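Heads up, the thing below is written out as structure tokens.
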Amino acid sequence: MLLITGNTLPELYRRISSWVNGVSMPQGRRDGSRRDGRHDEQLNDDSSEPQFYDIALDDEDVAAREYGDDLDAENSDEENEDEYEEVVKPRRERKKRKPKLSQIDVATSSMSPSAAAIVKGVAQQMPLGPGANPSSWSLPTLDMLTVTRHEKADERATQERGMKLVEALKEHSVETELVGYTRGPTVTRFELSLGGGVKVAKVTSLSRDIAYTMAATDVRILAPIPGKSAIGIEVPNAQRELVSLGDLMMSQEARSAGHPLDVAVGKDIAGRAVFLNISTTPHMLIAGTTGAGKSSAINCIITSVLMRSTPDQVKLILIDPKQVEMAQYARLPHLLTPPVTNPKKAANALGWAVKEMERRYDLLVEAGFRDIVGYNAAYDRGDLSEEQNTDQSFDRIPYILIVVDELNDLMMVAARDVEDCITRIAQKARAVGIHLIVATQRPSVNVITGVIKANIPARMAFAVSSLTDSRVILDQPGAEKLIGKGDMLLLPGNTSVSQRIQSAWVDEAEVRKVVGHWRRQAPEIVYVSGVDGEKSGGSGADLFGGTTGDSGDDELLRQAMDLVVRTRQGSTSMLQRKLKIGFARAGRIMDLLESRGIVGPSDGSKPREVLMTLEELEQLQQAS
């Protein structure tokens with residue numbers, strides 16, 4: 061760097077002009093000196109000759125420029141070599157021993173080197189899993205996803221912010237030392253070691269003062285950082301980096317994740333891609349306020365499944381009471397049923413999943429395996445086809461991923477049925493490959509009940525408005541300090557230490573490309589009947605046998621019929637009280653009674669008319 065000085069503005073102009081003219085000369089040098097160390101002759105006798113100062117960043121550059129370290133080998137002489145050995149080399153040795161701010165432990169995020177391939181449109185596919193070969197399905201190419209380019213972070217500015225943080229704490233009589241920092245896409249974590257006698261609690265009490273000094277909306281303090289003898293202060297970056305799904309799918313972590321349910325989550329505070337295996341989680345609870353990024357995270361999870369898995373590997377049940385979030389995934393070959401938008405049908409879909417779970421357990425017992433992994437591996441090897449001692453036919457079992465976008469709407473309509481189904485799925489469905497992702501924007505104890513929390517250990521917490529909401533989701537504080545727009549805390553379930561992550565973003569146009577790729581391969585979609593309960597009213601041939609496909613429901617139907625005929629009250633609320641069942645189940649049973657001619661059609665809020673007499677009921681019971 062070159063510095064030109066002048067006492068007055070006209071004098072400074074003259075000196076700059078002289079310097080420019082000097083540079084334009086063939087032999088001119090910007091430092092005004094010759095190679096042998098002697099100054100050039102003055103161009104004129106004006107006393108305002110420009111003064112030039114070479115500003116070096118370290119002692120090595122000063123010594124090198126002063127003693128001719130930049131000489132060509134052919135022009136160097138013994139005198140310069142002696143001066144170099146006596147002055148420059150010792151200064152370099154001192155420089156190696158001197159600790160500098162640039163030697164602080166630094167970790168920054170960077171773009172994947174292979175990302176340029178996507179930008180150029182090169183088609184690259186994720187490898188199929190072992191169970192999908194041979195398969196007629198082709199996975200979407202990675203060039204359907206966009207990749208964001210990020211400018212290199214200004215490390216000097218980040219270091220200056222760290223030193224500013226140290227000075228701010230010093231003003232409050234807290235002696236600290238900056239030992240490192242980690243810069244992520246959303247926040248930078250500064251690692252500080254405390255001075256002697258400084259209590260950790262004193263630092264945590266200064267969070268608002270630190271936020272004021274750093275001109276940040278809020279800061280999050282980790283005291284201490286797990287595994288380190290230091291505290292961490294997470295300060296939001298002045299400019300956030302967009303994390304796209306394409307960035308994650310092109311990362312090395314994506315290539316090493318080979319399970320069909322390895323889903324892209326986002327980037328951690330060090331800029332590393334984070335993938336989560338839903339099969340080991342095995343269920344996920346997502347919560348946060350409106351606009352915090354829940355729906356974007358769900359879209360990334362579903363799209364990453366579509367990018368990596370065929371319909372033979374993973375099946376989906378999408379429950380969308382908001383009616384608009386899941387509409388873009390309609391007519392996918394992965395779907396067992398169209399996206400469910402009716403809360404009553406959503407309870408039926410969860411009930412179907414419970415029955416499918418029991419059926420799969422019976423199949424595993426018949427085949428002699430503990431879980432779906434061993435069963436599918438044996439099927440791929442051909443071991444199950446050799447079993448001749450049973451009439452049971454064996455097929456490969458796909459994973460089933462159930463995604464509920466808004467739990468609050470379901471709990472308002474059929475709280476007991478929904479809670480019972482979620483509890484049973486969360487308790488037992490892991491071994492048979494049925495996994496659940498539940499999201500809500502109302503993290504209250506009425507929605508996220510203690511039973512649901514106890515059975516879903518993995519949590520994603522986005523920004524919430526209060527400490528109480530954070531404790532409801534995570535059982536610990538922290539979510540109230542998040543800054544929104546995809547900033548979240550991930551609790552994997554196997555540890556109580558949360559991980560701060562910037563959730564990925566997938567554009568709606570990218571989702572349409574991926575969905576269109578699958579639709580072109582399956583122009584006609586065949587759904588599984590009865591998943592949403594539409595055919596449950598007419599599936600049985602007689603009154604007492606097989607109307608619901610479950611012996612418990614058949615017994616409830618018998619009890620309900622007896623209650624309605626004997627009390628002459630065709631009331632759904634009466635069935636709820638007497639049979640201790642939820643609203644959705646009672647309504648479903650009442651519809652079955654109507655289809656059999658026991659009660660009349662619904663008449664608003666009035667009880668239904670009872671059409672069957674007590675004598676007819678007794679005759680029917682004797683005949684059965």
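The sequence shown begins at 61 in our numbering and counts up by one.
Note that CB positions come from ideal geometry on N, CA and C, so glycine has one too.
In this text the structure is predicted, and so the values were computed from the model without any measurement.
{"query": "For K545, the nearest candidate out of T555, D529, Q562 (CA to CA)", "result": "Q562"}
{"query": "R243 (DSSP reduced to helix, strand or coil)", "result": "strand"}
{"query": "Cβ-Cβ distance between V414 and R484 below 7 angstroms", "result": "yes"}
{"query": "Distance between beta carbons of W578 and L392, contact taken as under 8 angstroms", "result": "6 angstroms"}
{"query": "Strand pairing of S281, partner residues [DSSP]", "result": "It is Ile, not Ser, that sits at residue 281 in the sequence shown. In the DSSP output, where bridge partners are listed per residue, I281 has I293."}
{"query": "Given V625 as reference, the closest of K375, R668, I346 once Cα atoms are compared", "result": "R668"}
{"query": "contact_flag[the region 366-384, the region 329-342] where n(CB pairs < 8 angstroms) is 3 or more", "result": "no"}
{"query": "Enclosing alpha helix (DSSP H) for F522 [first to last residue]", "result": "Per DSSP, F522 belongs to no alpha helix (DSSP H); it is in the beta strand (DSSP E), 518-522."}
{"query": "Helix, strand or coil at V182 according to DSSP, with G and I counted as helix", "result": "Here the model assigns V182 a pLDDT of 40, short of 50, so the residue's position is not dependable, and the following value carries that caveat. Three-state DSSP puts V182 in coil, outside helix and strand."}
{"query": "Residues bridged to Y459 (per DSSP)", "result": "V374"}
{"query": "N-terminal and C-terminal residue of the alpha helix (DSSP H) that G647 is part of", "result": "643-655"}
{"query": "The region 521-531 touching the region 257-275, judged by at least three CB pairs closer than 8 angstroms", "result": "no"}
{"query": "Option in G318, A474, T206, K375 with minimal Cα separation from A406", "result": "A474"}
{"query": "Top-ranked residue by Cα proximity to G434, from M417, I457, D422, E416", "result": "I457"}
{"query": "Per-residue DSSP class, three states only, for R74", "result": "helix"}
{"query": "C-alpha gap between I460 and V226, whole angstroms", "result": "51 angstroms"}
{"query": "For T208 and D567, believed in contact at Cβ under 8 angstroms, the rounded distance", "result": "That belief does not hold up - the Cβ atoms of D567 and T208 are roughly 11 angstroms apart, past 8 angstroms."}
{"query": "C-beta atoms of R519 and L496 nearer than 7 angstroms", "result": "no"}
{"query": "Residues near F454 in its chain [Cβ-Cβ closer than 7 angstroms; skip 5 each side]", "result": "A427, Y439, L444"}
{"query": "Min CB distance V400 to chain B below 7 angstroms", "result": "As a matter of chain content, chain B is missing from the structure shown, which is built from one protein chain."}
{"query": "Alpha-carbon to alpha-carbon, D651 and K666", "result": "15 angstroms"}
{"query": "Where V303 falls, given that 16 or more other Cβ within 10 Å makes a residue buried", "result": "buried"}
{"query": "Spatial neighbours of L653 in its chain, beta-carbon cut-off 7 angstroms, leaving aside the 5 residues before and after", "result": "A620, M621, V624, V659"}
{"query": "Limits of the alpha helix (DSSP H) - the one that Q312 falls within", "result": "312-316"}
{"query": "Buried versus exposed, by CB contacts within 10 Å (16 or more), N359", "result": "buried"}
{"query": "Through-space distance from K224 to V463, alpha-carbon basis", "result": "45 angstroms"}
{"query": "E235 (DSSP reduced to helix, strand or coil)", "result": "coil"}
{"query": "DSSP state of A539 mapped onto helix, strand, coil", "result": "helix"}
{"query": "G326: first and last residue of the uninterrupted beta strand (DSSP E) it sits in", "result": "322-328"}
{"query": "Rounded Cβ spacing between L345 and V498 (contact assumed at less than 8 angstroms)", "result": "5 angstroms"}
{"query": "Helix, strand or coil at V83 [DSSP, three-state]", "result": "For V83, the pLDDT reaches just 49, beneath the cut-off of 50, and the residue's location in the model is therefore unreliable, although a value from the coordinates is still provided. Correct three-state label for V83: helix."}
{"query": "Length of the line joining the Cα atoms of A276 and Q299", "result": "12 angstroms"}
{"query": "Residue range of the unbroken beta strand (DSSP E) whose run includes Q636", "result": "Run containing Q636: none in the beta strand (DSSP E); it sits in the alpha helix (DSSP H), 632-639."}
{"query": "Nearest to S556 (by Cα), restricted to the options Q536, E570, R572, W565", "result": "Q536"}
{"query": "Residues of its chain near T218, where Cβ-Cβ distance is below 7 angstroms and the 5 sequence neighbours each way are ignored", "result": "Y241, R243, T248"}
{"query": "CA-to-CA distance, K327 to R280, given in whole angstroms", "result": "18 angstroms"}
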